[in-house]
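Novice: Residue numbers (numbering that gives the first Met the number 0), protein chains in the order written: chain S, 0 to 179; chain H, 0 to 251.
Ideal Cβ positions, reconstructed from N, Cα and C, are used throughout, including at glycine.
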Amino acid sequence: MNKQLISLLLMLILLMVPQISSAESQENTSIFQIKIISPEQITDYPGKDVNIKISVKNMTDKEIKDVFTYITMANISKTWTVNLEDYSADQPITIGTISPHEEKIVELPIKLVYSADYYLYTTVLSKDSLNITSSHAIPVKILGNTRLVPLQVQIVSIAVPLLLLIALALTFKQRRAASA
Amino acid sequence: MIYELVKKETKEHIFSRKGIGFLFIVSILLSIMSFGFISVKELSLLDQPSIVMTTFKLLLGINILISMVIGSTMVAGEKEKGTLESLLLTPLTKRKIIIGKLIAILVFWLTVTLISLPYFIVLSNGTSMLPTILFYLYVVGTVLVISFSSIALIFSTILASTKNAMIVGLMIFLITLVPMFLSTTMKKAGFAKLIQSYSPISASMKTMKDLFINKLGALDILVGMVPVFVFFVLALSVSLLISKKVDFLGGE
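1. How should H/ALA75 be labelled, buried or exposed, when 16 other C-beta atoms within 10 angstroms of its C-beta is the threshold for buried?
2. Under 7 Å Cβ to Cβ from H/SER148, same chain only, skipping five residues before and after it: list those, please.
3. Can you tell me whether S/THR78 is helix, strand or coil according to DSSP?
4. Which residues does DSSP pair with S/TYR120 in a beta bridge?
5. Determine the chain S residues that contact H/ASN124 at a beta-carbon separation under 7 Å, and present them in chain order.
6. Once DSSP output is grouped into helix, strand and coil, what is the label at S/GLY95?
7. Tell me whether H/MET170 is buried or exposed, calling it buried when 16 or more other Cβ atoms sit within 10 Å of its Cβ.
8. In whole angstroms, what is the alpha-carbon distance linking S/PRO45 and S/MET58?
9. For S/ILE70 versus S/ILE137, is the C-beta spacing smaller than 8 Å?
10. Taking contact to mean 3 or more Cβ pairs, one atom from each stretch, closer than 8 Å, check whether the segment 125 to 135 of chain H and the segment 24 to 38 of chain H are in contact.
11. Verify the CB distance criterion: does S/ALA115 have a CB-CB separation below 8 Å to chain H?
12. With a threshold of 8 Å on Cβ separation, who are the neighbours of H/SER43 within its own chain once the five nearest residues in sequence on each side are excluded?
13. Do S/ASP48 and S/PRO108 come within 8 Å of each other at the CB atom, strictly closer than that value?
14. Going by Cα to Cα distance, which pick from S/GLN3, S/SER29, S/ILE41 and S/SER6 is closest to S/TYR118?
15. For chain H, check one thing: does any of its Cβ atoms lie closer than 8 Å to the Cβ of S/TYR69?
16. With a cut-off of 8 Å on the beta carbons, I'd call S/THR132 and S/SER29 a contact; round off their distance for me.
17. Measuring CB atoms only, is the segment 139 to 157 of chain S touching the segment 114 to 131 of chain H, in the sense that at least three cross pairs come out at less than 8 Å?
18. Can you give me the C-alpha to C-alpha distance between H/ALA202 and H/THR112, rounded to a whole angstrom?
19. Short of 9 Å Cβ to Cβ, which residues in the segment 71 to 87 of chain S face chain H?
20. Would you list, in sequence order, the uninterrupted alpha helix (DSSP H) runs of no fewer than 4 residues that lie entirely inside the segment 56 to 116 of chain H?
21. Indicate whether H/ILE97 and H/LEU152 have their beta-carbon atoms separated by less than 8 Å.
22. Considering only residues of the segment 122 to 155 of chain S, which uninterrupted beta strand (DSSP E) runs meet the minimum length of 3 residues and lie entirely inside it, listed in chain order?
23. Find the residues of chain S that neighbour H/SER196, judging by a C-beta separation of less than 9 Å, and give them in chain order.
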C-alpha cells in the first residue's frame, strides 16, 4: 500500500516538473537580445564623456515597433541606484522599428561624474511588449583623485569673508566720521 | 585725465560700500561652495578638476552679473544724477569716457580675481592646475567680463534709465545662458543648438572642460575660443562706436 502511494506521488511530481519548467522558460523567453559591445569596463576620471556601444537584436519573427533603450547604473560602493540626470544619461535613445531577426547598433552617451564603483547595464523595451530585456553589466570605476585639505579650505572660507567684512565695517565707520 | 576718470569710477563703484559689499557677497558664495566640497556627500565625491570648474562657473556667472549691473549704471546713472554734463565738459573724448569706465570694471574684476585666488589655491591643492587656472581666470574670464560689460555700457549709453539698461543687458546675458538650463537632447536641435554653437558662454564652458578635463592642446583650445573672441571684438567695437551717443537726457 505504501509503495503504491509513493509511486503515485512520484508519478504526480514527475508530471508536474515539465509544466513548471515550461512556464518558467516561457517567462524567460525574451523578444530581444541586448549586448554591450564596448567598452568591456570603464576606469577613468570624472568629467570624461563615454559612449556605450550596444547591439539590440529582434529575436522574433515579427517586426517590433517603438523600441527604445537606456542606461541603468548601480552604485556598488553605496548599494543604491544612480540618478542619471547628473550623468547626462537620463534620456533613452529611440531605436524605432526593428525587423525580424534584425540587429541594430546604438551608442548611449554617459558622462562620468562622482567617484565610486558602479555596475552599468542597458535595457531595451518596446511599447508593444511587457517583456523587458537587460544586458549583462560592465564594471565602471570613476576614480577619485582629490587631495583637498579640509582645514585649508575651512581657513580660507572663513578668513576671506571676515577680512572683507572688516573692510566693509571700516567704510561705514569712515562715512560716519566724515558726516559727523 | 583718463586716469582721473578711472580713479573716480573705481572709488565710486568698487572701493565704496556698494563695491566692497559686492566683493563680500562674492566671497560668501565662494566660501559656501568651498565648504560644500568638503562637507556635502555628493559634492565631496567630485574630483578636483570638476571642483575647480564648478567654482569657475559660479565666479564667472556672479561677476558677469555684477559687472553688468555696474556697467548699466555707469552712463545712464550719470544721466539720471545729472553729472554727465560735468563729465562731458572735461577734455576727455566720449570714446575715452567709455574706455575709462571699462577700465574701472576691469579693476573690479581684477580685485575679484585676487579675492578668488586663495580659494583656487586650496581647491587645486596637490595638483598642477594653478597655471591653467591663472590662464583661464586672466584670459578667458577677463575677455568675458569685458565683453558683457561692454554690452551693459552700450545699453547704458543708448537708454535713458539705469533700470532699462540693466533689464535689456541682463536679458542678453540670460539668452547666452539658455543651453545651461536645457537637457542634452534639447541642446541638439533648433534654437537651443544655435545658441549652444555660438554663445560665448557655451564656448567658454566647453573650453574650460577641454582645458581641465580633456586636456586638449593649445590649438583646440584656441579654436574653441573663437566665439568668445568674436563676441569680445564685436561688443567692444560697438560700445566704442556707440560712445558718440553719450549725451544729455532730452530737456537738459
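Specialist: Based on what the coordinates show:
1. buried
2. SER66, MET67, GLY70, LEU101 and ILE104.
3. Reduced to three states, the DSSP call for S/THR78 is coil.
4. S/THR71
5. ARG146, LEU147, VAL148 and GLN151
6. strand
7. With fewer than 16 other Cβ atoms within 10 Å, it is exposed.
8. Rounded to the nearest angstrom, the two C-alpha atoms are 37 Å apart.
9. no
10. no
11. yes
12. If the five residues before and after H/SER43 are omitted, its C-beta is found closer than 8 Å to the C-beta atoms of PHE36 and ILE37, all from its own chain and listed in chain order.
13. Contact: yes.
14. S/ILE41
15. no
16. 5 Å
17. yes
18. 21 Å
19. GLU84, ASP85 and SER87
20. Runs found: 83 to 87.
21. yes
22. 137 to 141
23. Neighbours of H/SER196 on chain S: none; closest Cβ ~18 Å, over 9 Å.
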